[in-house]
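Below is one structure, written out as structure tokens; the observations come after it.
Residue numbers (my numbering): 2 to 405.
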């Protein structure tokens, strides 16, 4: 059976309007139009606060301001926001006459396949009759006063929580910057690193990158990883694992042994389970890359002739998923001068409602498209700009680009 979702939307018993991120009406169902006393032509395509301005006769009216704050919070935090407010409406039959109206609203983001907010769902329920109900012979509106008092208290609590959330996010971002500095130059080798925190919540500091000069010949170790979890706790775990892998890489016989030792260490770190990581040892003298992955998306090798190779022949489960002594796999591939190696975390390619193979295809296409860029810095910027929407994504992203 084919479902006509347009008809479903119009038949919904609840009053629902759809707003663009610019707060312009994209559509409204029959229940919403009936409740607002407007026709579809009077609202669709119009800016919300042009179609429904605040009451000019009431200087203390705050309904428009509160509603806009709620909608902006949805766009900024990418989360549902609710509000209860007085918002007078100009009568469609009597222009210039404002009717006292009270509304309970729920505003929610509607995400597009690539993760950006395509629309805001604005669901409202008129509660005018309830709030205007009298509770005594003197006609006092005690119920209204009580509800609005609770509403103000809730609004104040929400504002305190938002400010606390913002402060904690700033602390986490500062910690991330301190724990993920740009690596110092490594000989004559050219590379670039990028880190982009998630948006809308405290999902920072779980991803990491690292580059280490190895002691045996002209070799470097390159790694990225992703800790499960969010915020300051994930940042602490990330710092421990990053430092451990950096130290282990200096003495390991190869990337597989480095990840095997890291897995044993992760077994002793609370919260490190299911961390993913990939590390590659680049031997510039022999033109070889040896790599191993613990459940992480595969590195991508852009050869000098413009072909692309996914380094996916040595993948094992994430760290501490299965704690056993069997060695992890590793594989080796050759490269020629003029190639480029990319390591990244899943924030670069994974999107809600999108298969990971689609993200990998978009990554390789972007890499080929920008293959003529001559510096790792320019290529790193191009990849981030192409693959991450302007409004950001809900996961951290780390990226390392190495010229070969």
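Positions of the beta carbon are idealized from the N, C-alpha and C atoms, including for glycine.
Roughly how far, in whole angstroms, is the beta-carbon of residue 117 from the beta-carbon of residue 86, given that I think they are within contact range, below 8 Å? The sequence position of residue 117 within the chain shown is 116, counting from 1. The sequence position of residue 86 within the chain shown is 85, counting from 1. Going by Cβ atoms, the distance from residue 117 to residue 86 rounds to 28 Å, so no, they are not a contact pair.
Taking all protein chains shown into account, do 16 or more other C-beta atoms lie within 10 angstroms of the C-beta of residue 1, making it buried, or fewer, making it exposed? Since the first and last residues shown for the chain are 2 and 405, residue 1 lies out of range.
For residue 192, which option in 385, 381, 2, 399 has the closest C-alpha, if you only look at C-alpha atoms? Mapped onto the chain shown, residue 192 falls at position 191. Here the closest residue by C-alpha is 381.
Measure the alpha-carbon distance for residue 274 versus residue 245 and round it to whole angstroms. Against the chain shown, residue 274 aligns to sequence position 273. Against the chain shown, residue 245 aligns to sequence position 244. Going by the C-alpha atoms only, they are around 15 Å apart.
Just to confirm the assignment: which complete beta strand (DSSP E) runs, minimum length 3, are found wholly within the region 255-316? 277-284, 289-295, 301-303, 309-311
I need the DSSP call for residue 73, collapsed to helix, strand or coil. Locating residue 73 in the chain shown gives position 72, where the first residue counts as 1. Residue 73: helix per DSSP, three-state reduction.
Taking three-plus beta-carbon pairs below 8 Å as touching, is the region 98-115 in contact with the region 43-50? no
Report the option in 308, 280, 269, 378 whose CA atom is closest to the CA atom of residue 238. Counting from 1 along the chain shown, the entry for residue 238 is found at position 237. Here the closest residue by C-alpha is 269.
Residues that residue 402 bridges to, as DSSP identifies them: Taking the chain shown and counting its residues from 1, the one referred to as residue 402 is at position 401. Partner(s): 193, 343.
Hey, residue 12 and residue 33: beta-carbon distance below 8 Å or not? Start at 1 with the first residue of the chain shown, and residue 12 comes out as number 11. Start at 1 with the first residue of the chain shown, and residue 33 comes out as number 32. In this structure, residue 33 does not lie closer than 8 Å to residue 12 by Cβ.
Using only the alpha-carbon positions, how far apart do residue 91 and residue 36 sit? Locating residue 91 in the chain shown gives position 90, counting from the first residue. Locating residue 36 in the chain shown gives position 35, counting from the first residue. Straight-line Cα distance between these residues: approximately 13 Å.
Run the CB neighbour count on residue 139, radius 10 Å, all protein chains shown included, and call it buried at 16 or more, exposed below. Residue mapping note: residue 139 aligns to position 138 of the chain shown, counting from 1. Interpretation of residue 139 is limited by its pLDDT of 49, a score under 50 that renders its predicted location unreliable; no figure is taken from the coordinates.
What residues match up with residue 127 in a beta bridge as DSSP calls it? Residue numbering aside, residue 127 sits at position 126 when the chain shown is read from its first letter. Residue 127 is bridged to 104.
Spatial neighbours of residue 234 in its chain, beta-carbon cut-off 8 Å, leaving aside the 5 residues before and after: Residue numbering aside, residue 234 sits at position 233 when the chain shown is read from its first letter. Taken in chain order, the residues that qualify are 272.
Relative to the C-alpha of residue 266, which candidate in 41, 218, 249 has its C-alpha closest? As a position in the chain shown, residue 266 is number 265, starting the count at 1. When only C-alpha atoms are compared, the closest one is 249.
Output yes if chain D places a C-beta closer than 8 Å to the C-beta of residue 7; else output no. Among the chains in the structure shown there is no chain D, since it carries only a single protein chain.
I believe residue 264 touches residue 320 by the beta-carbon criterion, under 8 Å. Please report the beta-carbon distance rounded to the nearest angstrom. For the purposes of this step, residue 264 is taken as the residue at position 263 of the chain shown. For the purposes of this step, residue 320 is taken as the residue at position 319 of the chain shown. Right, the Cβ-Cβ distance comes to about 5 Å (below 8 Å), so this counts as a contact.
Can you tell me whether residue 443 is buried or exposed? The criterion is at least 16 other CB atoms within 10 Å of its CB, across all chains shown. Beyond the ends of the chain as shown, which are 2 and 405, falls residue 443; an answer cannot be given.
Taking only three categories from DSSP, how would you classify residue 358? Position 357 of the chain shown holds residue 358. Three-state DSSP puts residue 358 in a helix.
As an exercise, report each continuous beta strand (DSSP E) stretch of at least 3 residues that is fully enclosed by the region 13-76, in chain order. 16-20, 26-29
Residues bridged to residue 87 by DSSP? Reading the chain shown from its first residue, position 86 is the one you call residue 87. DSSP, once it has assigned bridges, lists 103 as partnering residue 87.
DSSP beta-bridge partners of residue 372: If you number the chain shown from 1, residue 372 lands on position 371. None; residue 372 has no bridge partner.
Counted within 10 angstroms of its Cβ, other Cβ atoms place residue 30 as buried (16 or more) or exposed: The count along the chain shown starts at 1 and reaches residue 30 at position 29. Residue 30 comes out buried.
For residue 379, the three-state DSSP class (helix, strand or coil): In the chain shown, residue 379 corresponds to position 378, counting from 1. It is helical.
N- and C-terminal bounds of the beta strand (DSSP E) containing residue 395: Locating residue 395 in the chain shown gives position 394, where the first residue counts as 1. Counting along the chain, residue 395 falls outside any beta strand (DSSP E), and DSSP gives it neither H nor E.
Would residue 312 pass as a contact of residue 330 if the rule is Cβ separation under 8 Å? Locating residue 312 in the chain shown gives position 311, counting from the first residue. Locating residue 330 in the chain shown gives position 329, counting from the first residue. Not closer than 8 Å, so no.
So who's on the other strand from residue 122, going by DSSP bridges? As a first step, residue 122 is located in the chain shown; it is residue number 121 there, counting from the start. In the DSSP output, where bridge partners are listed per residue, residue 122 has 19, 109.
Alpha-carbon to alpha-carbon, residue 89 and residue 135: Taking the chain shown and counting its residues from 1, one reaches residue 135 at position 134. Taking the chain shown and counting its residues from 1, one reaches residue 89 at position 88. With a pLDDT of only 46 at residue 135, under 50, the local geometry of the prediction cannot be trusted, and no value is derived from it.
Spell out a yes or no on whether the region 180-197 and the region 208-215 are touching, meaning 3 or more CB-CB pairs, one atom from each, closer than 8 Å. yes
Take residue 137 and list the residues in its own chain whose beta-carbon comes closer than 6 Å to its own, dropping the five residues that flank it on each side. Within the chain shown, residue 137 is the residue found at index 136, counting from 1. Confidence is the limiting factor: at residue 137 the pLDDT is only 47, short of 50, which leaves the residue's position unreliable, though a coordinate-based value still follows. Nothing meets the Cβ criterion.
Between the Cα of residue 83 and the Cα atoms of 110, 295, 196, which residue gives the shortest distance? Sequence index remark: in the chain shown, residue 83 carries index 82 (1-based). Comparing Cα-Cα distances from residue 83 to each of 110, 295, 196, the minimum goes to 110.
Just to confirm my understanding: we take residue 332, look at its own chain, exclude 5 residues before and 5 after, and list those with CB closer than 8 Å. What are they? As a working mapping, residue 332 is identified with position 331 in the chain shown. Only 291, 292, 293, 312, 314, 315 meet the Cβ criterion.
Beta-carbon gap between residue 368 and residue 384 smaller than 8 Å: Start at 1 with the first residue of the chain shown, and residue 368 comes out as number 367. Start at 1 with the first residue of the chain shown, and residue 384 comes out as number 383. Yes.
From residue 54 to residue 27, what distance separates their C-alpha atoms? Within the chain shown, numbered from 1, the residue matching residue 54 stands at position 53. Within the chain shown, numbered from 1, the residue matching residue 27 stands at position 26. Going from the Cα of residue 54 to the Cα of residue 27 covers about 18 Å.
Residue 226, enclosing beta strand (DSSP E) - first and last residue: Within the chain shown, residue 226 is the residue found at index 225, counting from 1. Here the beta strand (DSSP E) through residue 226 covers 220-227.
Less than 8 Å between the CB atoms is what I'm expecting for residue 199 and residue 396, so what's the real figure, rounded? For the purposes of this step, residue 199 is identified with residue 198 of the chain shown, where counting begins at 1. For the purposes of this step, residue 396 is identified with residue 395 of the chain shown, where counting begins at 1. That belief holds up - the Cβ atoms of residue 199 and residue 396 are roughly 5 Å apart, short of 8 Å.
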